[in-house]
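Each residue of the sequence shown is one higher than the one before, counting from 0 in numbering that gives the first Met the number 0. Taking it in order: structure first as structure tokens, then the write-up.
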Amino acid sequence: MIELNSILLLSYLTIIVIWVWARFKFFKIDSDHSRIGSYLYDPVVAIQIFSTCFYFVTSEDIHISAFLTILALYLVAILIFTLSIREAKSLDFALSDQTKKIITTGTYGIVRHPLYVSYFIVWLSNTILFNSSLLWITLLYLALFYYFSAKTEENKILRSSYSREYEEYRRNVGMFLPRIKGWKS
């Protein structure tokens, strides 16, 4: 019988492969600012990835309830990620210096930065599962990185021709968490 850790590790590595594909095929790194951002981001992500793989391989098999919870969170994260990528095919990412348009529907109608949310769900799941100091430190760093990246991206949009539309969008849609008031009829 395959161990639960092995199934989760395979699921996790599948997510990482999808993210790496997106990193090189979807996201644009077209400015010095985005290159510097990737130099600050990529090593910490690598630490998070390799540490998590190490813990999956060296830890005892996890309990079925933890397995089901983590697997469900992985599925939610990859669903958010793939829907967001499909919805945002024409946008410039990775701290691009250009704003061509904004998207306010689909996953972007639920939270303003669904891609960051999908990453955070996976990193948080692994961190809670293994409760490692190294994972907690990298999680904190990545959460701050996502927050400041999101603020930088939003400030660029607010200086663009989409500022009025984006300001309205910000009032109605949460940055990383859905605003429940928007769900009321």
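Every residue, glycine too, gets a C-beta built ideally from N, C-alpha and C.
Selection from the options that minimises the alpha carbon distance to residue i
i      : options                          : result
Leu78  : Lys100, Ile102, Tyr118 and Val44 : Tyr118
Ser132 : Tyr54, Glu166 and Asn154         : Tyr54
Leu74  : Ile14, Leu114 and Phe26          : Ile14
Tyr107 : Lys100, Trp122, Glu86 and Thr51  : Glu86
Those residues which DSSP pairs with residue i across a bridge
i      : result
Gly173 : Val110
Burial state of residue i, where buried means 16 or more other Cβ atoms lie within 10 Å
i      : result
Ser39  : What sits at residue 39 in the sequence shown is Leu, not Ser. So Leu39 ends up on the exposed side.
Leu94  : No answer about Leu94 holds up, because its pLDDT of 43 lies below 50 and its placement is not dependable.
Trp135 : exposed
Arg158 : exposed
Arg170 : exposed
Ile179 : exposed
Pro177 : exposed
Ser148 : buried
Ala71  : exposed
Flag this pair as touching only if the region 44–52 and the region 123–138 have three or more C-beta atom pairs under 8 Å; answer yes or no. In this structure the region 44–52 touches the region 123–138; the number of beta carbon pairs closer than 8 Å is three or more.
Is there contact here, the region 62–70 with the region 2–16, by at least three beta-carbon pairs under 8 Å? With a cut-off of 8 Å, the region 2–16 and the region 62–70 count as touching, because enough Cβ pairs lie within range.
Where in the region 127–158 do unbroken runs of the alpha helix (DSSP H), each at least 4 residues long, occur, reported from the N-terminal end onward? DSSP runs (the alpha helix (DSSP H)) wholly in the region 127–158: 132–157.
Inside the region 10–64 only - alpha helix (DSSP H) runs reaching at least 4 residues: As far as the region 10–64 is concerned, its whole alpha helix (DSSP H) runs of at least 4 residues are 31–57.
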